[in-house]
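J.: Residues in the sequence shown are numbered consecutively from 1, following UniProt numbering.
Note that beta-carbon positions come from the ideal geometry of N, C-alpha and C, so glycine has one too.
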Amino acid sequence: MPVTVVRHEPVVEAMSWASARALAAGANRPLEPVLAPFSEALGCRLAEPLRALVAVPGVDVSAMDGYAVAGPGPWRVAGQVLAGGAPFGAELRPGEAVEIATGAPTPVGAEAVLPYEQAVAATAPVPRARGQAEPVWVDGVVEAGRHIRRRGEDVAEGAVVLEAGAVVTPVALGLAAGLGHDELLVRPRPRVTVLVTGDEVVHRGLPEPGRVRDAIGPFLPGLVEWAGGRVTGTLRLPDGPEPLFAALGAPGEAPLTGEPTGGTPASVAFAGGTPVVPARAAPGDVLVVCGASSKGPADHLRKVLEGLGADVLVDGVAVRPGHPQLLARLPDGRLVVGLPGNPFAALAAALTLLVPIVRASAGTPARKETSALAGEVRTHPHNTRLVPVRRSARGAVPVGHDRPGSLWGAALADALAVVPPGWAGDHIELIELPPGG
Ligand SMILES: Nc1nc2c(c(=O)[nH]1)N[C@H]1C(S)=C(S)[C@@H](COP(=O)(O)OP(=O)(O)OC[C@H]3O[C@@H](n4cnc5c(N)ncnc54)[C@H](O)[C@@H]3O)O[C@H]1N2
Ligand code: MOO
Numbered sequence: 001m002p003v004t005v006v007r008h009e010p011v012v013e014a015m016s017w018a019s020a021r022a023l024a025a026g027a028n029r030p031l032e033p034v035l036a037p038f039s040e041a042l043g044c045r046l047a048e049p050l051r052a053l054v055a056v057p058g059v060d061v062s063a064m065d066g067y068a069v070a071g072p073g074p075w076r077v078a079g080q081v082l083a084g085g086a087p088f089g090a091e092l093r094p095g096e097a098v099e100i101a102t103g104a105p106t107p108v109g110a111e112a113v114l115p116y117e118q119a120v121a122a123t124a125p126v127p128r129a130r131g132q133a134e135p136v137w138v139d140g141v142v143e144a145g146r147h148i149r150r151r152g153e154d155v156a157e158g159a160v161v162l163e164a165g166a167v168v169t170p171v172a173l174g175l176a177a178g179l180g181h182d183e184l185l186v187r188p189r190p191r192v193t194v195l196v197t198g199d200e201v202v203h204r205g206l207p208e209p210g211r212v213r214d215a216i217g218p219f220l221p222g223l224v225e226w227a228g229g230r231v232t233g234t235l236r237l238p239d240g241p242e243p244l245f246a247a248l249g250a251p252g253e254a255p256l257t258g259e260p261t262g263g264t265p266a267s268v269a270f271a272g273g274t275p276v277v278p279a280r281a282a283p284g285d286v287l288v289v290c291g292a293s294s295k296g297p298a299d300h301l302r303k304v305l306e307g308l309g310a311d312v313l314v315d316g317v318a319v320r321p322g323h324p325q326l327l328a329r330l331p332d333g334r335l336v337v338g339l340p341g342n343p344f345a346a347l348a349a350a351l352t353l354l355v356p357i358v359r360a361s362a363g364t365p366a367r368k369e370t371s372a373l374a375g376e377v378r379t380h381p382h383n384t385r386l387v388p389v390r391r392s393a394r395g396a397v398p399v400g401h402d403r404p405g406s407l408w409g410a411a412l413a414d415a416l417a418v419v420p421p422g423w424a425g426d427h428i429e430l431i432e433l434p435p436g437g
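(1) Report back the beta-carbon spacing between Val286 and Val358 to the nearest angstrom; my notes put them in contact at under 8 angstroms.
(2) Going straight from the alpha carbon of Ala266 to that of Gly205, what length do you get?
(3) My understanding is that Pro434 touches Gly222, with C-beta atoms under 8 angstroms, so please give their C-beta distance in whole angstroms.
(4) To the nearest angstrom, report how far apart Pro243 and Thr364 are at their CA atoms.
(5) For Leu195, is the beta carbon positioned less than 8 angstroms from some heavy atom of ligand 1?
(6) What whole-angstrom Cβ distance do Val319 and Thr352 have, given they're in contact under 8 angstroms?
(7) Taking only the alpha-carbon atoms, compute the straight-line gap between Ala247 and Ala172 and give it to the nearest angstrom.
(8) Beta carbon of Pro243: closer than 8 angstroms to some heavy atom of ligand 2?
(9) Is the region 307-316 in contact with the region 385-402, if contact means three or more CB pairs nearer than 8 angstroms?
(10) Mind listing, in chain order, the continuous alpha helix (DSSP H) runs of no fewer than 4 residues lying wholly within the region 270-348?
(11) Would Leu347 pass as a contact of Gly338 if the rule is Cβ separation under 9 angstroms?
(12) Under 8 angstroms from any heavy atom of ligand 2, does the C-beta of Pro381 make it?
(13) Return the bridge partner residues of Tyr67 from the DSSP annotation.
(14) Considering only residues of the same chain and omitting the five flanking positions on each side of Gly165, which have a CB-CB separation below 8 angstroms?
(15) For a quick check, are the C-beta atoms of Ala97 and Ala124 less than 9 angstroms apart?
(16) Please report the residue range of the alpha helix (DSSP H) in which Trp408 lies.
(17) In the region 202-259, which residue ranges form an unbroken alpha helix (DSSP H) of at least 4 residues, counting only runs that do not cross its ends?
(18) Consult DSSP for Gly405 and reduce its assignment to one of helix, strand or coil.
(19) Got a sec? Which residues, its chain only, sit under 7 angstroms from Leu305 by beta carbon, not counting five neighbours each side?
(20) Taking the alpha-carbon positions, what's the Glu429 to Ala372 distance?
(21) Considering Cα atoms alone, identify which of Ala410, Glu32, Gly210, Ala424 is closest to Asp189.
(22) Measuring straight from C-alpha to C-alpha, what distance separates His147 and Ala119?
(23) Using three-state DSSP, classify Thr197 as helix, strand or coil.
(24) Hey, quick one: how far does the alpha helix (DSSP H) through residue 477 stretch, first residue to last?
(25) Could you check if Glu376 is buried or exposed, using at least 16 other CB atoms within 10 Å of its CB as the buried criterion?
(26) Decide if Tyr67 is buried, meaning its Cβ has at least 16 other Cβ atoms within 10 Å, or exposed.
(27) Whole angstroms is fine: what's the gap from Phe88's alpha carbon to Asp154's?
(28) Measuring only the C-alpha atoms, how far is Thr17 from Val212?
(29) So for Pro105, helix, strand or coil by DSSP?
(30) Should Val81 and Ala63 be called a contact, given that it needs their Cβ atoms to be closer than 9 angstroms?
(31) Look up Thr379 in the DSSP assignment and give the residues it is bridged to.
(32) Would the C-beta of Arg302 count as close to ligand 2, meaning under 8 angstroms from any of its heavy atoms?
(33) Is Glu13 near ligand 1, going by C-beta to nearest heavy atom under 8 angstroms?
(34) Is any non-hydrogen atom of ligand 1 found closer than 8 angstroms to the C-beta of Cys290, if you look at the structure I gave you?
(35) Which term fits Asp239, buried or exposed, when burial requires 16 or more other beta carbons within 10 angstroms of its beta carbon?
(36) Check this for me: beta carbons of Leu179 and Arg302, under 9 angstroms apart or not?
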C-alpha cells in the first residue's frame with residue numbers, strides 16, 4: 001500500500017466577505033477615458049456629458065409633406081423645396097405657398113405648413129394675365145406655426161442630453177450621431193481573459209463518467225459584460241503548473257492561443273487557434289482562473305503565483321459557497337482572480353471579487369439594495385452565506401437548490417441574499433444577478 005503523507009498547512013483566517021468585496025472594488029482605478037469610434041464606444045460609460053454639437057433641427061423645417069404658407073389662403077404655389085435640395089430663394093409673401101417635403105427648410109416668412117391631406121385645390125382669385133402659365137392655387141385651414149419644427153426645438157445646441165457615466169446603448173449612439181458626434185469620450189471596458197483548468201472538464205456534449213461539463217466559462221462573458229467589461233477570450237488549460245505559469249506569465253513572452261469555443265479536449269487546448277491572451281498588458285486587465293483555487297494535488301494556482309512574484313491580496317474568503325477564492329496582482333499590474341471549481345461557488349466568488357473589480361475599472365456605479373426576507377435562511381457562525389432569492393412584493397424569497405456544485409438555484413433567482421455570520425433580522429442586503437434579456 002502506498003503511504004500518503006499529508007502535510008497540513010497552518011489554518012489562515014479567511015478575510016470577511018465584506019472586506020474582500022471592498023478590497024476588490026478598490027484594487028483598480030477607473031480606466032483613463034479614451035476617444036472611441038461608435039463601434040468601440042458601444043457598451044462603455046460616457047466619461048463626460050454628451051452635449052449637442054448642433055441644434056436639432058438645425059434650421060426651421062417642415063414636419064409634414066404639404067405646403068408652407070404665408071398669410072391667409074388661398075395661396076399661390078410659388079415653388080418647391082425638397083429635403084437636401086436648394087432652399088426657396090426668396091421670402092414667402094402673404095398669399096404665397098411652396099410645396100415642401102418633410103424635413104426641408106421652411107422659407108423665410110412661412111407661417112405654417114398645410115399637409116397635402118388638408119389641402120384643397122383652389123381657383124385663382126384673380127384672372128391670370130394673357131400668356132402667363134396657369135399657377136397652382138391651394139386652400140385650407142391652418143393654425144399659425146403648425147407643422148413647422150423650429151430650430152433647436154428638439155435639442156438646443158450645447159444642451160447636455162446624457163450625463164457622464166451613462167451607458168452608451170445602441171440608442172445613445174443614434175442620439176450622438178444626430179447631434180454631430182463621430183467619436184465619444186468613454187471609459188474603456190476592462191479586458192478579462194478566462195482560463196478554465198481541470199483535466200476532468202469537457203466543453204461539449206455529454207460528459208463521460210468522471211468528467212464534468214464546464215459550467216463556469218459559459219456564464220463569465222455575460223457576467224463580465226453586465227459589469228461593464230469584456231471577455232477577450234477563454235483558454236482551456238490542462239492541469240499542471242506549466243500551462244498556468246505560461247498563461248499567467250508576462251503577455252508577449254508566451255503567446256498563447258486556444259479555441260475560444262468548440263469541442264477540443266482540454267489536453268489540446270494549447271494547439272493553435274485564435275490568440276486569447278492579449279499580447280500586451282493594458283491597464284485594468286484581469287485574468288480569471290477557474291478551478292485550481294483550493295489545496296488539492298491539482299491546485300497549482302498559489303505556487304504559480306508565487307513563482308511569478310505576484311502579490312496575493314485575498315486568499316480565502318469567509319463566505320459559503322465560494323470559500324477558496326483568491327485575488328493577486330502580477331508584477332506588471334494585471335489582477336488574477338481565482339474562482340473555485342464548483343460552479344455556484346465560482347459565481348459567488350465572481351460576484352465578490354471579479355464584478356466589483358470590473359465595475360470600478362469601467363466606472364459602473366455600485367448599487368446597494370436591501371430587502372425584507374420572505375422565508376427562512378440558514379446562518380453560519382463564521383461565514384457569510386450567499387443565498388439565491390427571487391424578489392417579490394413580500395420580500396426576497398429563497399429559491400433553494402443552492403448546493404455549491406449547482407447553478408440551479410442561482411438560475412431561478414434574480415439576486416443573492418447576503419446573510420452575515422450569525423445574522424438575525426428582517427432586512428437583508430441583496431446583490432443583483434444579471435437579468436435575462
Ligand atoms: N482540503 C480542502 N478541500 C477543499 C476545500 C478546502 O478548503 N480544503 N474547499 C472545497 C471547496 S469549498 C471548493 S468550492 C472546492 C474548490 O476547488 P478548486 O477551486 O480547487 O476546484 P477543483 O478542485 O478543480 O474542482 C472542484 C469541483 O468543481 C468541478 N469543476 C471544476 N471546474 C469546473 C468547471 N469549469 N465547471 C464545472 N465544474 C467544475 C470539479 O470537477 C470538482 O468537482 O474545493 C473543495 N475542497
Ligand atoms: O464554498 Mo465551496 O466554495 O462550498 O463550494
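T.: For this structure:
(1) 7 angstroms
(2) Here the model assigns Ala266 a pLDDT of 33, short of 50, so the residue's position is not dependable, and the following value carries that caveat. Looking at the two C-alpha atoms, the distance is approximately 14 angstroms.
(3) 6 angstroms
(4) 33 angstroms
(5) no
(6) 6 angstroms
(7) 37 angstroms
(8) no
(9) no
(10) 301-307
(11) no
(12) no
(13) Glu99, Leu114
(14) Arg45, Leu46, Gly363, Pro365
(15) no
(16) 408-412
(17) 220-227, 241-248
(18) coil
(19) Val312, Ala328, Val336
(20) 9 angstroms
(21) It should be pointed out that residue 189 corresponds to Arg in this sequence rather than to Asp. Nearest option by C-alpha distance: Glu32.
(22) 14 angstroms
(23) strand
(24) This structure cannot speak to residue 477, because the chain is shown only from 1 to 437.
(25) exposed
(26) buried
(27) 23 angstroms
(28) Note on residue identity: the sequence assigns Trp, not Thr, to residue 17. The alpha-carbon atoms of Trp17 and Val212 are separated by roughly 28 angstroms.
(29) strand
(30) no
(31) DSSP output for Thr379 lists no bridge partner at all.
(32) no
(33) no
(34) yes
(35) buried
(36) no
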